[in-house]
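J.: Chains as they are written, first to last, in the working numbering: chain A, 18 to 670; chain B, 352 to 470.
(1) Mind listing which residues of the region 436-466 of chain B have their C-beta closer than 7 Å to chain A's C-betas, in chain order?
(2) Using a Cβ cut-off of 9 Å, which residues of the region 427-447 of chain A contact any Cβ in chain B, in chain order?
(3) For residue 296 of chain A, which residues from the same chain have a beta carbon less than 7 Å from its beta carbon, with the 5 sequence-adjacent residues on both sides left out?
(4) Tell whether a beta-carbon distance below 7 Å holds between residue 580 of chain A and residue 565 of chain A.
(5) Distance, Cα to Cα, residue 610 of chain A vs residue 355 of chain B?
(6) For chain B, find out if any of its Cβ atoms is closer than 7 Å to the Cβ of residue 335 of chain A; answer yes or no.
(7) Between the region 464-481 of chain A and chain B, which residues of the former have a C-beta closer than 9 Å to a C-beta of the latter?
(8) Hey, residue 546 of chain A and residue 622 of chain A: beta-carbon distance below 7 Å or not?
(9) Give the C-beta separation of residue 383 of chain A and residue 179 of chain A to the nearest angstrom, bearing in mind that I take them to be a contact with Cβ-Cβ under 8 Å.
(10) Is the Cβ of residue 355 of chain B closer than 7 Å to any Cβ of chain A?
(11) Just checking my contact of residue 246 of chain A with residue 367 of chain A at CB under 8 Å: how many whole Å lie between their CB atoms?
(12) From which residue to which residue does the alpha helix (DSSP H) around residue 422 of chain B run?
(13) Would you mind telling me which residues of chain A sit closer than 9 Å to residue 390 of chain B, beta carbon to beta carbon, in chain order?
(14) State the DSSP-derived secondary structure class of residue 380 of chain A, mapped to helix, strand or coil.
(15) Does the separation of the CB atoms of residue 388 of chain B and residue 448 of chain A fall below 7 Å?
(16) Could you check which residue in A:90, A:29 and A:33 has the C-alpha nearest to that of residue 60 of chain A?
(17) In three-state terms, what does DSSP make of residue 338 of chain A?
(18) For residue 265 of chain A, count neighbouring C-beta atoms within 10 Å of its own C-beta (all shown protein chains included) and say buried if the count is 16 or more, exposed if not.
(19) For residue 469 of chain A and residue 517 of chain A, what's the separation of their Cα atoms in angstroms?
(20) Is DSSP giving residue 300 of chain A helix, strand or coil here?
(21) Within 10 angstroms of the Cβ of residue 37 of chain A, are there 16 or more other Cβ atoms? Answer buried if so, exposed if not.
(22) Do you know how far the Cα of residue 394 of chain A is from the Cα of residue 159 of chain A?
(23) Residues of the region 359-385 of chain B with a CB closer than 8 Å to any CB of chain A: list them in chain order, please.
(24) Any idea what DSSP makes of residue 375 of chain A, helix, strand or coil?
(25) With 7 Å set as the bound, which would you pick, yes or no: does the beta-carbon of residue 605 of chain A sit closer than that to a beta-carbon of chain B?
(26) Can you check whether the CB of residue 116 of chain A is closer than 7 Å to the CB of residue 94 of chain A?
(27) Roughly how many whole angstroms lie between the Cα atoms of residue 182 of chain A and residue 210 of chain A?
(28) Using a Cβ-Cβ cut-off of 7 Å, state whether residue 526 of chain A counts as contacting chain B.
(29) Is residue 558 of chain A helix, strand or coil by DSSP?
(30) Evaluate residue 56 of chain A with the Cβ neighbour count: other Cβ atoms within 10 Å of its Cβ, from every protein chain shown; 16 or more gives buried, anything less gives exposed.
(31) Name the chain B residues whose beta carbon is nearer than 7 Å to that of residue 396 of chain A?
(32) List, in order along the chain, the chain B residues whose C-beta lies closer than 9 Å to that of residue 484 of chain A?
(33) If you follow the alpha helix (DSSP H) that residue 68 of chain A is in, where does it begin and where does it stop?
(34) Opposite residue 639 of chain A in the DSSP bridges: which residues?
(35) Could you give the distance in angstroms between the alpha-carbon of residue 219 of chain A and the alpha-carbon of residue 121 of chain A?
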C-alpha cells in the first residue's frame, strides 16, 4: 500500500467516522440540522464505499449501476451542502428551487445518457456541482464574517471544507482532461479530500473540547468583567455590557438580560434602538427591519414572565433551556422574533442564592449555532451575571445610605448655620434695647442715644432680611413661592426696579427697543431676583465700576444678564454658587454679610417661572449672571394694567 | 490691675459698639478690636483686665489669638462670646474662663464682667 493510498484511505475513513458520529447524534436528537448533516455525510459515505468496492476491491466493477450511483450521489453533495448553509443562515427560496431542478436534471442525465458520458454533458455536470459548492463556500464565508466567537470559527471551518471540496472536484475534472499528470493530481486530490473532511468535521460536528477551547477567550473576557462592571454608573450600562459579553461568549449575534422587578412582578428588558443591536445588523439586508410594536416605556420593555414562554420559562422553572424555534413556542410574538432574526433562544435564570434577579437569553437566527453543552455554559454566564448584578445592588444600597446621611448632614449644617446667623443680630437687638432702657431709667432727662437707636434699627432690619430669606427658602422648597403671573415687558420691570433704588446709579439697562421682550412673571418675585443679582454685582465690584443689565430675545426665550467688573468667581465655585449656603472661597465672610441664600432663592424663583439661570465668570475680571425665561408674543402685554396693581403689591410686600 | 480696660474683640461692628456702650454705661473702661491680630496689638501694649472674645473672625480668629497668647506667655482672663452651638466645648478647649453664649442679655454681660474684674 503506497503513501498515496494511505492518504486516500485516511480521508475516506475520516468521512465514514464523521458520518457515524452525526448519525448517532441525529438518532439521539433528530433536529433538522442534524438530519441535513447526516444526509451530507451519508452521501459522501455512499460515494466512498461504492468507489472503494469498484475501484480498489474490483467488486461489481463493470455494472452500470455502480457508476450511476456514484455519479448521482456525488451530484447531490452540492444541494445537501446548500441545505446545511440554510441551517445556519438565509438562502433565497428561488435559489434552492433552481438547485433542486438542476439536481433533478443532472441525475436524469447521468442515468439516461449513453456511457461514457459525452464530454459536453460531463462538462455541464461538473460545472453545476462546482457552481453550487462555490455558492455554499461563499455563504459560509459570509456567515463567518457576520458571526462572532465560536460560531465564526465553525463557519470558517465549514467554508474551508467547502473550498477544499470545490478544489477536489476541480482537481478531478483536470485529472480526466489531462491523464498524463494523473499521479500527482491523485495525491493532490487525496490531500484536498482529507483537508475538506477535517474542516467539515470541526465545522459541523465540533467535539465539546474544541467548542470549549474556542469559547475560552470570550468566556475569560466575560468572567473578567466581574471586577470592573459593578462600578459602572448605572444598572443599564452593566446590563448592556453583560449582554454583549454573553452573546460573544456563545458566538451568538445578540443576548438580552431581563431584570426581575419584584414589586411589579414583571421582568424588564432595557431596549436599545433596533439599529444598534447586532441582530438587526445581522438580519438579511434585503428584508426591512421594522420597529416591532412592543409596549416600551422609558426604554424599558416590561412583561409578565408567564406571558412569554420563550424567556419566561427559564425564569419560572429556574432552569436553563433551549428553544430551537421561538416562533412556534410563542406564536403570539412570532413577528417580533422573526423581525429580530431570533429563532433559537438559549435562556438561563439569573439567581443569587434564593433571590431571583432575572433571566439571561441568548438569541441566534438558527438553532445549530448552539450545542446541547451550551446549556451549562449559559447557566455559568447567568450565575456570573447574578454575582455582578448583586454586587451592583449592594453598591447602590451603600450609596443610598451615604446620600441619606449627606442629606441629613446638609440639613443639620443648614440649621446650625441659620441658627448662628440669626443669633448674631439677635444679640445686638436684645443688648442694645436693654442698654437704651437702662440709660433712660438712670437718667430720664438725658438726650436720646441716637447712635444706639440707629444700631437697634440696623440689627432689626438685618434680622428681618434673614427671617424673610429663611421663610422664602422654606416656601421655595415646598414649591409655592410664586403668586400670580402676568405678561410684562422685562426691560420695563428692570428699569422700575433700578429707579426705585437711588443708590444704584451706576447700574445701566440696555434693551432691544425694536422688539420688546415679554414674559409671564410674578413681578414681585422677579424684582427680588433682579435685586439680588444687582446687589451682588454692586457688592463684589469696585465702587466706581459699572453694572450692566441687558434684556433681549433669543430663540423662544427672553434673556436677561447682569454683568459686573468685580472680583469674579473661581472656576471651581461656579457650579456651586446657586447652592444653599454656598459662598465662593474668594469672598470674605464678614465683609459681605448675608446668609448665602440669595442666589439659591433667585434660581428657585426663576425655575418656578420655567426658566433657567446660570453664571459666566472670569476670576479677577467680573461675572455675568444670566436668566432665561419662556418668551411671550409682545402684544400680550398691557403695561398700563399691571403697573398700578403691582405698585400696590410691591408696597405691601 | 483693676483699672486696666476690658478688651472686646468682635468682627461685627454693631455688636462691638453695643457691647462697648453697655460696658461704658456701667463705668468699665473699654478697648475694642475687630479681629485677633488687632487684639494682639492691644495686648502687647498693656494687659487688659479681661478679654471678651468672639471666635469666628477674619484675619486671625479666636483660636489663633489664644494660641499666640499662650506662646507669648500672656496671662489673660478670657470670656468667649459666640453664637455657635458648642460654645462651651470651644471655651474649654482654648482655655477660656467662661462663656457668653449669643444671644446674651445685658445683665449676663455685666455680671460676667463684674465677676472677673473683682477677682
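Note that CB positions come from ideal geometry on N, CA and C, so glycine has one too. Keep in mind it's a predicted model, so treat the numbers as computed, not measured.
T.: Answer, in terms of the structure:
(1) 436, 453, 454, 455, 456, 457 and 460
(2) 433, 436, 437, 438, 439, 440, 441, 442, 443, 444, 445, 446 and 447
(3) Its pLDDT being 45, under 50, residue 296 of chain A is placed unreliably by the model, and nothing is read from it.
(4) Less than 7 Å separates the beta-carbon of residue 580 of chain A from that of residue 565 of chain A.
(5) Residue placement at residue 610 of chain A cannot be trusted, given a pLDDT of 45 that sits under 50; what the coordinates show is reported in the next sentence. Going from the Cα of residue 610 of chain A to the Cα of residue 355 of chain B covers about 33 Å.
(6) no
(7) 466, 468, 469, 472, 473, 475, 476 and 479
(8) yes
(9) Not really, about 17 Å apart at Cβ, beyond 8 Å.
(10) no
(11) Residue 246 of chain A to residue 367 of chain A, Cβ: 14 Å. No contact.
(12) 413-423
(13) Those within 9 Å of residue 390 of chain B in chain A number zero; the least Cβ separation is about 15 Å.
(14) DSSP, read as helix, strand or coil, puts residue 380 of chain A in strand.
(15) no
(16) Comparing Cα positions, the closest option is A:90.
(17) strand
(18) buried
(19) 28 Å
(20) Confidence at residue 300 of chain A is low in this model, with a pLDDT of 43, below 50, so the placement of that residue should be treated as unreliable; the coordinate-derived value is given next. Three-state DSSP puts residue 300 of chain A in coil, outside helix and strand.
(21) exposed
(22) 26 Å
(23) 362, 363, 365, 366, 368, 369, 370, 372, 373 and 376
(24) strand
(25) Caution is warranted here: a pLDDT of 47 is assigned to residue 605 of chain A, below 50, making its placement in the model unreliable, and the coordinate value is therefore given only provisionally. Judged by the 7 Å Cβ criterion, residue 605 of chain A is in contact with chain B.
(26) no
(27) Using only the alpha carbons, I get a separation of about 6 Å.
(28) no
(29) coil
(30) buried
(31) Simply none; closest approach about 59 Å.
(32) Those within 9 Å of residue 484 of chain A in chain B number zero; the least Cβ separation is about 14 Å.
(33) 49-68
(34) A:635
(35) 30 Å
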